[in-house]
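Colleague: There's a structure below that I have some questions on.
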Amino acid sequence: MLRAPGGPRALFLKFCVVGFSLSSAPQKALRNSQCQIREIIMTYASPALRRNPQEVSEHFIKLVHARIAEVSGWKYIFERIPAFKDACAKAPSQVPCPFTGAGKSKFRFRQKDLYTGCAIHNDFPVNEFCDGIDVLAKYYELSKTQTCKKILSDFFGMDLHAPLTDADIENERRYKSAVRATETLDREEVAKRMRKLDVMYHYTGEIKPNTPVALYLRNRGISRLLSHLPKDLGFNNRIYYWDKDKQKSIIYPGMIAIYRDTRGRPLTIHRTYVDKNGDKAPVENPKLMMKPPADMTGGSIQLFDPHYDSGSSTWTLGVAEGIENALSVVEATSTPCWAASSAWCLENVTVPDFLLPPPDVKSINFYIWADKDIANSQGTRAGIEAAQRLQSRMVEFLAKRYPASKLTIEVFEPAQDIPDGKKGIDWNDVLQLTGQDGFPIHWAPECLNQL
28 MLRAPGGPRA LFLKFCVVGF SLSSAPQKAL RNSQCQIREI IMTYASPALR RNPQEVSEHF
88 IKLVHARIAE VSGWKYIFER IPAFKDACAK APSQVPCPFT GAGKSKFRFR QKDLYTGCAI
148 HNDFPVNEFC DGIDVLAKYY ELSKTQTCKK ILSDFFGMDL HAPLTDADIE NERRYKSAVR
208 ATETLDREEV AKRMRKLDVM YHYTGEIKPN TPVALYLRNR GISRLLSHLP KDLGFNNRIY
268 YWDKDKQKSI IYPGMIAIYR DTRGRPLTIH RTYVDKNGDK APVENPKLMM KPPADMTGGS
328 IQLFDPHYDS GSSTWTLGVA EGIENALSVV EATSTPCWAA SSAWCLENVT VPDFLLPPPD
388 VKSINFYIWA DKDIANSQGT RAGIEAAQRL QSRMVEFLAK RYPASKLTIE VFEPAQDIPD
448 GKKGIDWNDV LQLTGQDGFP IHWAPECLNQ L
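Going by the working numbering, the letters in the sequence shown line up with residues 28 to 478, in that order.
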């Protein structure tokens, strides 16, 4: 069927004209009626004729945001959908995946997300769900435009042909303003976060032999490196962990790691909770990042500086996802390696300018040590895909900045099969299973002392 310009209503009116013209009405009345109907058609059809698909999508997104402002946020929508009720009620705690029902700690709303509609899903990049429309587009398996139409009709009973009114424009502006306010930390919040970071850092010392963190690392196959640990790792004997089931704080020892920004400045702190025997603490989330006072994008846990050999004019650096993985790489290969802390952080890692190679460098080695994961229900393998995106970005960046240099930018993934019942295998697993033989490159052991 051919679709008339202007959408379903214009199509219906077009059929009215055709039907009327076939009747036995007098010619004059016919012409007058046709003119009136043509005017009605143009009233509805002309705005659509002037819009491309992107403009149509933007129109419906604005209408949705205007309605959301009227009902004080996305919670109004999500708590009316059974799959999201649990996430609303338990925010900011993690709940099973609302799309598949899988897992126990896959998905969550922060408190502010109940207004903005943002969400965090462990199987997706951090910025995958920046709006309630993104979340529901995935849930309904629809395009953004079709999702907006469904929201407007199902939850607000709106006429989808209604124009954007002045009140809608004001509501949409109010919605955007409120969302921006959640993204920008006020001075008090920044100061509060910095005080907490200062306290954590103040009570953190070096990782000495026989401390729970030293035992934890040794239990994971990291031994040679214990006498040469980086300055940005430390031990804190009293870290508070909020146990939501017991509704109280529990104190554990833990490993502290400084997360630095794209200029190499300390930004926040990563905590790994352990028990006194050197095992992971028996808590739901034994690895947590403290709330940063600024944007974390591009940062990393910069364990060792890149290595530059002046004799051969060669610069080398590696990056892995987790701290234990990065330390395993250094343990086995004697090459420097950073930890990103997550797949999303891995793909966004940025090397600070002052740590980049000199302009006349001859060779650049940049190694990306990816986790080997089982594909999730969406077919995504977060670890390797993040590594490949980082590889593409670094190839482009380094080739442009160092056109005369030889570039070796490789992604390494464990060769071993993923064990039955496991979600994946990483480089710490490789170290424990095979030692340094499972790693594709090696430097001489004494090179460790040069890091």
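Don't be surprised by glycine CBs; every beta carbon is placed ideally from N, CA and C. All values reported here derive from a predicted model rather than from experimental measurement.
(1) Could you tell me whether the region 383 to 397 touches the region 437 to 445, using the rule of 3 or more Cβ pairs below 8 Å?
(2) With a 10 Å radius around its C-beta and 16 neighbouring C-beta atoms as the bar for buried, classify Gln121 as buried or exposed.
(3) Just to confirm my understanding: we take Gly247, look at its own chain, exclude 5 residues before and 5 after, and list those with CB closer than 6 Å. What are they?
(4) Three-state secondary structure (DSSP) at His469?
(5) Quick check: the Cα distance between Trp371 and Gly326, rounded to an integer number of angstroms?
(6) If you drop the 5 nearest sequence neighbours on each side, which residues of the same chain put their C-beta closer than 8 Å to that of Asn476?
(7) Cβ atoms of Arg298 and Ile266: under 9 Å apart, would you say?
(8) Between Asp332 and Pro363, how many whole angstroms is the CB-CB distance? I'm expecting something under 8 Å.
(9) Just checking: is the beta-carbon of Gly248 within a distance shorter than 9 Å of some beta-carbon in chain B?
(10) Using a threshold of 9 Å, state whether the C-beta atoms of Val310 and Met282 are closer than that.
(11) Once you ignore the five residues that flank Lys102 on each side, which residues in its own chain have a CB closer than 8 Å to its CB?
(12) Can you give the beta carbon distance from Phe136 to Pro119, rounded, assuming they're within the 8 Å contact cut?
(13) Please specify which runs of the beta strand (DSSP E), each continuous and at least 3 residues long, are wholly inside the region 338 to 392, giving them in chain order.
(14) By Cβ distance, which residues of its chain are closer than 7 Å to Gln138, with the 5 residues on each side in sequence left out?
(15) Please report the straight-line C-alpha distance between Pro152 and Lys133, rounded to a whole angstrom.
(16) Count the CB pairs spanning the region 198 to 206 and the region 214 to 229 that are closer than 8 Å, and state whether there are at least three.
(17) In chain order, what residues of the same chain lie with their CB nearer than 6 Å to the CB of Ile277, ignoring the 5 residues before and after it?
(18) With DSSP collapsed to three states, give me the class of Phe156.
(19) Which whole-angstrom value is the C-beta distance of Ser432 and Ser390, which I expect to be below 8 Å?
(20) Can you tell me the Cα-Cα spacing of Val376 and Thr324, whole angstroms?
(21) Terminal residues of the continuous beta strand (DSSP E) containing Ser276?
(22) Determine the closest residue to Pro472 out of Val357, Val346, Ala194 and Asp453, with distance taken between C-alpha atoms.
(23) Beta-carbon within less than 7 Å of Asn79's beta-carbon, same chain only, minus the 5 sequence neighbours each way: which residues are those?
(24) Leaving out five residues on either side along the sequence, give the residues of the same chain with a beta carbon under 6 Å from the beta carbon of Thr209.
(25) Is the region 423 to 432 touching the region 456 to 472 in the sense that three or more CB pairs, one from each, lie closer than 8 Å?
Modeller: Result, derived from the coordinates:
(1) yes
(2) buried
(3) In the sequence on display, residue 247 carries Arg and not Gly. Cβ neighbours of Arg247 beyond the five flanking positions: Glu351 and Asn455.
(4) coil
(5) 11 Å
(6) His255
(7) yes
(8) 7 Å
(9) Given the protein chain composition of this structure (a single chain), no chain B is represented.
(10) no
(11) Cys115, Leu141 and Tyr142
(12) 7 Å
(13) 341 to 347 and 364 to 366
(14) Ala118 and Pro119
(15) 12 Å
(16) no
(17) Tyr268 and Asp270
(18) coil
(19) 6 Å
(20) 8 Å
(21) Lys275 to Arg287
(22) Val357
(23) none
(24) Lys139 and Thr143
(25) no
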